[in-house]
Amino acid sequence: MKGYAKCPASCGEFVQGMIGNEEYLCSYAVNLFSEVYLEERKDGEEEDLTERVKGTEKKIYIRNVKKSRLAIRKVFEKYDIPVETLNNLSVKIISEVPVSKGMGSSTADIGAAIGAALNLIGEEMTPEEIAEIASSIEPTDSVFMEDNVIFNPVKGKVKEKLGYIDDMKVLLLEPNKYLNTVDLRKNRMYKEAKMRNREIIENAFRMLKKGFTEKDREMIGRACTASSLANENICKKEYLHEIIEVSDKCGGFGVNVAHSGTIVGILVDKDFDCTEMIAELKRREIDKVYSDMYTLDIIKGGIRYE
0 MKGYAKCPAS CGEFVQGMIG NEEYLCSYAV NLFSEVYLEE RKDGEEEDLT ERVKGTEKKI
60 YIRNVKKSRL AIRKVFEKYD IPVETLNNLS VKIISEVPVS KGMGSSTADI GAAIGAALNL
120 IGEEMTPEEI AEIASSIEPT DSVFMEDNVI FNPVKGKVKE KLGYIDDMKV LLLEPNKYLN
180 TVDLRKNRMY KEAKMRNREI IENAFRMLKK GFTEKDREMI GRACTASSLA NENICKKEYL
240 HEIIEVSDKC GGFGVNVAHS GTIVGILVDK DFDCTEMIAE LKRREIDKVY SDMYTLDIIK
300 GGIRYE
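Note that numbering that gives the first Met the number 0 has the sequence shown beginning at 0, numbered continuously upward.
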């Protein structure tokens, strides 16, 4: 018995904050993945996955499988499969997703684990069902959905589907700094600060929806920038105003952030040459904080099985 699936990372969120009294976000998927391999143990031996990662130019991260095993357990419980079966499974995770940066590393691991468990037992779930299981483990994002959606990260529920725009990429600015999302959410001031931002965020969501409806990438970018600036009283990003200036000067659509992470993204056209933009960021010495600058494709979400 073997099972396999992979799930994409996110690059922060287009917009995140309160609508009414509940928190919502709209994240987007990028072409970094967590992969989960399940295999029935034989005489205590486990497959060595070293050969699978040789020659890759991407960083590969080692993962703790605790949350993934919990996700698999919840799938087994749903289909009345004896939980003891899990004890006989080898769970291996290969991930390209940085940890504690706001790129959905846990979400990608959990999503891939759910997909691998379904693949193992020959069952299927809707993206909404997968999101519901994931959110029962910890607050999650919306990369399980193929299209972009407005999504409740705590309940795992889709509020509204927006569609998908397939001609953008992101220049990702990654600092050598980390943030634990769970710890941030435990701060008693977290929800109070989000409530203070509510009017700005509700307007940003309206702008985002209009941008998707009209296929207007500049409007999407403005919504992202508004949400990023509003989030400064919750999770401040160094050089954010300067990064927005560089985006405006060099032809970016706007700037988005990991609202409970450390990364910043500049949204650009998929064919955009980022050389000048990176040079301008370095000229302003922004690379002293954001030491890694690289582009990622914005892709459709969803669990993959190949």
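Positions of the beta carbon are idealized from the N, C-alpha and C atoms, including for glycine. All figures in this text were calculated on a predicted structure; none of them were measured in a lab.
Query                                                                                                                           : Result
Cβ contact check for the stretch 96 to 103 and the stretch 66 to 78: 3 or more pairs under 8 Å                                  : no
Cβ separation of residue 12 and residue 26, assumed to be a contact under 8 Å, to the nearest whole Å                           : 5 Å
Cut-off 7 Å between Cβ atoms - residues of its own chain near residue 127, not counting five sequence neighbours on either side : 157
Among 285, 203, 135, the one whose alpha carbon lies nearest that of residue 253                                                : 203
Cβ contact (3+ pairs, closer than 8 Å) linking the stretch 155 to 173 and the stretch 257 to 276                                : yes
Touching by the beta-carbon criterion (3+ pairs, under 8 Å), the stretch 131 to 139 and the stretch 215 to 225                  : no
Buried versus exposed call for residue 40 [16 or more other C-beta atoms within 10 Å across all chains shown]                   : exposed
Cβ-heavy atom distance, residue 238 to the ligand SAH, below 8 Å                                                                : Because no ligand of any kind appears in the structure shown, any question about the ligand SAH cannot be addressed here.
Closest residue to residue 288 among 296, 248, 262, 267 (Cα-Cα distance)                                                        : 262
Minimum C-alpha distance to residue 192 - residue among 270, 232, 216                                                           : 232
Helix, strand or coil at residue 189 according to DSSP, with G and I counted as helix                                           : helix
Distance between beta carbons of residue 101 and residue 260, contact taken as under 8 Å                                        : 1 Å
Cross-strand partners of residue 307 (DSSP beta bridge)                                                                         : Here the chain comprises residues numbered 0 to 305, so residue 307 is not present and cannot be evaluated.
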